[in-house]
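A.B. asks: Residue numbering for the sequence shown is 5 to 378, as defined by my numbering.
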Amino acid sequence: MHDEGPEPPTTRAGDFEAFKQGLQDNDSRRELLTQHGRPFYVLVSQQFSGEEIETLCDTATAIRRLDRHRQGRDFLRSVLQGYRIMHLFAQPSTRTAQSFMAGADKLGALSKQVTDLTTSSFAKGESVEDSVRTLSSFFDAIVVRHSDDEFATRAAWALSRSGRPIPVISAGSGKSQHVTQSLLDIYTLRYSFSKRGGIHGKTVLIIGDIARNRAARSLAYLLTKFKQPRLFFACPEKYAPDPELRAYLEDHGIEVVIHDSLEHVLKERGRHIDAIYVTRLQQEWDSAGSGEKKLGADDAFILKPEYREFIRPDCVIMHPLPRVNELPVEWESHPGFVVWRQVRNGMWIRAALFASVWGADEEIRARARRLFLT
Ligand code: NCD
Numbered sequence: 005m006h007d008e009g010p011e012p013p014t015t016r017a018g019d020f021e022a023f024k025q026g027l028q029d030n031d032s033r034r035e036l037l038t039q040h041g042r043p044f045y046v047l048v049s050q051q052f053s054g055e056e057i058e059t060l061c062d063t064a065t066a067i068r069r070l071d072r073h074r075q076g077r078d079f080l081r082s083v084l085q086g087y088r089i090m091h092l093f094a095q096p097s098t099r100t101a102q103s104f105m106a107g108a109d110k111l112g113a114l115s116k117q118v119t120d121l122t123t124s125s126f127a128k129g130e131s132v133e134d135s136v137r138t139l140s141s142f143f144d145a146i147v148v149r150h151s152d153d154e155f156a157t158r159a160a161w162a163l164s165r166s167g168r169p170i171p172v173i174s175a176g177s178g179k180s181q182h183v184t185q186s187l188l189d190i191y192t193l194r195y196s197f198s199k200r201g202g203i204h205g206k207t208v209l210i211i212g213d214i215a216r217n218r219a220a221r222s223l224a225y226l227l228t229k230f231k232q233p234r235l236f237f238a239c240p241e242k243y244a245p246d247p248e249l250r251a252y253l254e255d256h257g258i259e260v261v262i263h264d265s266l267e268h269v270l271k272e273r274g275r276h277i278d279a280i281y282v283t284r285l286q287q288e289w290d291s292a293g294s295g296e297k298k299l300g301a302d303d304a305f306i307l308k309p310e311y312r313e314f315i316r317p318d319c320v321i322m323h324p325l326p327r328v329n330e331l332p333v334e335w336e337s338h339p340g341f342v343v344w345r346q347v348r349n350g351m352w353i354r355a356a357l358f359a360s361v362w363g364a365d366e367e368i369r370a371r372a373r374r375l376f377l378t
């Protein structure tokens with residue numbers, strides 16, 4: 005059992021606007037969100053350094069390997085024994101919620117979930133601040149998914165000013181970020197490219213609703229942590245990457261090319277693409293009566309099975325799921341199709357993140373080394 009709780013970051017930004025402002029800048033972001041190099045509040049992909057991502061992936065692999073053996077499993081279950089985690093999911097979720105809970109379970113922590121906020125005091129008009137301070141009385145961390153881009157940030161800010169700050173991990177923040185999804189995506193890419201020099205210098209094509217897809221946005225931010233990746237986007241013009249994301253990518257020296265024709269980019273550049281990340285059109289954000297009722301992507305942004313001839317057999321095919329029509333099942337026979345591996349990796353990387361938050365990750369990696377002599 006790991007018996008020391010994480011220490012909260014010491015810097016307390018004053019009001020919420022100051023806290024948000026602090027998240028814009030690399031140094032103050034680290035001060036606000038991490039302590040001794042460990043994540044305490046997990047809100048945006050940019051907060052991780054390349055080295056931290058590598059370590060997190062190594063921890064996920066150690067957990068995955070330990071879990072295959074009785075002795076390893078028994079050890080894992082002792083790591084966070086006695087910890088209690090609240091999973092507050094105010095938006096639909098299958099994979100993310102289940103993999104967070106499965107990851108916590110692997111390490112022996114107890115999970116409680118609230119999905120229907122109408123059964124909680126939010127429905128009586130309680131503020132985010134009061135609600136999370138209440139939860140912090142009973143839990144050691146909060147995992148939160150909410151349609152409001154700023155909910156998790158506000159929760160972290162409120163707790164940082166309280167007498168009992170506990171870690172807050174975003175499990176999807178509105179249209180803005182889905183940090184842990186991008187961590188599992190990077191973990192999957194790293195595995196797929198392990199015999200091809202890693203993620204550095206690879207070309208990734210992201211297809212779909214970039215403006216509103218938090219998984220796509222977080223992945224793009226996280227790719228900046230690797231050396232010279234190239235990023236192609238194929239998206240309807242109205243869902244192109246927003247200026248803030250584009251500026252960030254450009255500032256980090258990432259070559260970005262935006263295409264409005266998927267077929268065209270695949271015909272022209274398909275052989276140079278190392279991974280394709282397909283996303284769903286985020287139609288839940290369309291206003292009622294906007295006329296866009298048919299679910300699924302337009303024909304032009306469906307990765308059609310016949311496009312296979314334009315790409316290499318080793319091109320990695322990914323999707324955060326759920327999918328509608330944009331990634332037809334015929335792709336499952338493509339050698340680079342790793343979507344189901346992504347799902348399972350969600351559990352390993354989230355377990356690794358919990359371990360890292362509570363400072364138990366070194367012990368896990370050391371145990372795996374001893375057991376497997378790697
Ligand atoms: C994504 C989400 O909820 O943001 N799904 C997920 O967490 N795996 C992507 C989506 O809903 O399209």
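The beta-carbon is built from N, C-alpha and C at its ideal position, and this holds for glycine as well.
DSSP three-state call for proline 169: helix, strand or coil?
C.D. replies: Along the sequence shown, one-based indexing puts residue 169 at 165. Three-state DSSP puts proline 169 in coil, outside helix and strand.
A.B. asks: Tell whether a beta-carbon distance below 8 Å holds between glycine 112 and leucine 70.
C.D. replies: By one-based count along the sequence shown, residue 112 stands at place 108. By one-based count along the sequence shown, residue 70 stands at place 66. No, these two residues do not count as a Cβ contact at 8 Å.
A.B. asks: Roughly how far, in whole angstroms, is the beta-carbon of leucine 121 from the beta-carbon of arginine 137, given that I think they are within contact range, below 8 Å?
C.D. replies: Within the sequence shown, numbered from 1, the residue matching residue 121 stands at position 117. Within the sequence shown, numbered from 1, the residue matching residue 137 stands at position 133. Leucine 121 to arginine 137, Cβ: 16 Å. No contact.
A.B. asks: Taking 8 Å as the cut-off, decide whether the C-beta atoms of histidine 150 and serine 177 are in contact.
C.D. replies: Here residue 150 corresponds to residue number 146 of the sequence shown, with the count starting at 1. Here residue 177 corresponds to residue number 173 of the sequence shown, with the count starting at 1. Taking 8 Å as the Cβ cut-off, histidine 150 and serine 177 qualify as a contacting pair.
A.B. asks: In this structure, how does DSSP classify phenylalanine 104 when only helix, strand and coil are distinguished?
C.D. replies: What you label residue 104 is simply residue 100 of the sequence shown in a count that begins at 1. If DSSP states are grouped into helix, strand and coil, phenylalanine 104 belongs with the helices.
A.B. asks: Hey, leucine 357 and leucine 187: beta-carbon distance below 8 Å or not?
C.D. replies: The sequence position of residue 357 within the sequence shown is 353, counting from 1. The sequence position of residue 187 within the sequence shown is 183, counting from 1. Yes, Cβ-Cβ distance for leucine 357 and leucine 187 is below 8 Å.
A.B. asks: So lysine 206 and alanine 279 are supposed to be a Cβ contact under 8 Å. How far apart are they, rounded?
C.D. replies: As a position in the sequence shown, residue 206 is number 202, starting the count at 1. As a position in the sequence shown, residue 279 is number 275, starting the count at 1. Their Cβ separation, rounded to whole angstroms, is 7 Å, which keeps lysine 206 and alanine 279 in contact under 8 Å.
A.B. asks: Tell me whether the beta-carbon of arginine 218 lies closer than 8 Å to the beta-carbon of histidine 276.
C.D. replies: Taking the sequence shown and counting its residues from 1, the one referred to as residue 218 is at position 214. Taking the sequence shown and counting its residues from 1, the one referred to as residue 276 is at position 272. No, they are not a contact pair.
A.B. asks: Out of Pro96, Val208, Asp189, point me to the one whose CA is closest to valine 261's CA.
C.D. replies: As a working note, residue 261 is residue 257 in the sequence shown. The shortest Cα separation from valine 261 among Pro96, Val208, Asp189 belongs to Val208.
A.B. asks: Rounding to the nearest angstrom, what Cα-Cα distance links glutamate 248 and alanine 355 in this structure?
C.D. replies: Counted from its first residue, the sequence shown places residue 248 at position 244. Counted from its first residue, the sequence shown places residue 355 at position 351. For glutamate 248 and alanine 355, the distance between alpha carbons rounds to 31 Å.
A.B. asks: Hey, glycine 350 and arginine 99 are a contact pair by Cβ (cut 8 Å); roughly how many whole angstroms apart?
C.D. replies: Numbered from its first residue, the sequence shown carries residue 350 at position 346. Numbered from its first residue, the sequence shown carries residue 99 at position 95. The pair is a contact, with the Cβ atoms about 6 Å apart (cut-off 8 Å).
A.B. asks: Straight-line CA distance for leucine 375 to valine 328?
C.D. replies: If you number the sequence shown from 1, residue 375 lands on position 371. If you number the sequence shown from 1, residue 328 lands on position 324. Answer to the nearest angstrom: the Cα atoms are 43 Å apart.
A.B. asks: Does the region 252-266 come within contact of the region 284-293, defined as at least 3 CB pairs closer than 8 Å?
C.D. replies: Too few Cβ pairs lie closer than 8 Å, so no.
A.B. asks: Rounded to a whole number of angstroms, what is the C-alpha to C-alpha distance between leucine 227 and phenylalanine 341?
C.D. replies: Start at 1 with the first residue of the sequence shown, and residue 227 comes out as number 223. Start at 1 with the first residue of the sequence shown, and residue 341 comes out as number 337. So the two alpha carbons sit approximately 20 Å from each other.
A.B. asks: Quick one, are the C-beta atoms of serine 166 and serine 140 less than 8 Å apart?
C.D. replies: Counting from one through the sequence shown, the residue named residue 166 turns up at place 162. Counting from one through the sequence shown, the residue named residue 140 turns up at place 136. For serine 166 and serine 140, yes; Cβs fall inside 8 Å.
A.B. asks: Within the same chain, show all residues whose beta-carbon is closer than 7 Å to that of lysine 24, passing over the 5 residues directly before and after it, in chain order.
C.D. replies: Position 20 of the sequence shown, counted from the first residue, corresponds to residue 24. Closer than 7 Å at the Cβ level, and outside the excluded window around lysine 24, lie Thr157.
A.B. asks: So does the region 234-244 actually touch the region 58-66, counting three or more Cβ pairs closer than 8 Å?
C.D. replies: No: fewer than three Cβ pairs fall under 8 Å.
A.B. asks: Please state whether DSSP places alanine 175 in a helix, a strand or coil.
C.D. replies: Here residue 175 corresponds to residue number 171 of the sequence shown, with the count starting at 1. Three-state DSSP puts alanine 175 in a strand.
A.B. asks: Below 6 Å CB to CB, which residues in the same chain sit around glutamate 11 once its five sequence neighbours on both sides are set aside?
C.D. replies: The residue labelled residue 11 in the question sits at position 7 within the sequence shown. The answer, listed in chain order, is Gln39.
A.B. asks: For threonine 38, which three-state DSSP category applies?
C.D. replies: On the sequence shown, position 34 is the one that residue 38 refers to. Three-state DSSP puts threonine 38 in a strand.
A.B. asks: How would you write the range of the alpha helix (DSSP H) that threonine 63 sits in, first residue to last?
C.D. replies: The residue you call residue 63 lines up with position 59 of the sequence shown. Threonine 63 -> alpha helix (DSSP H) spans 54-70.
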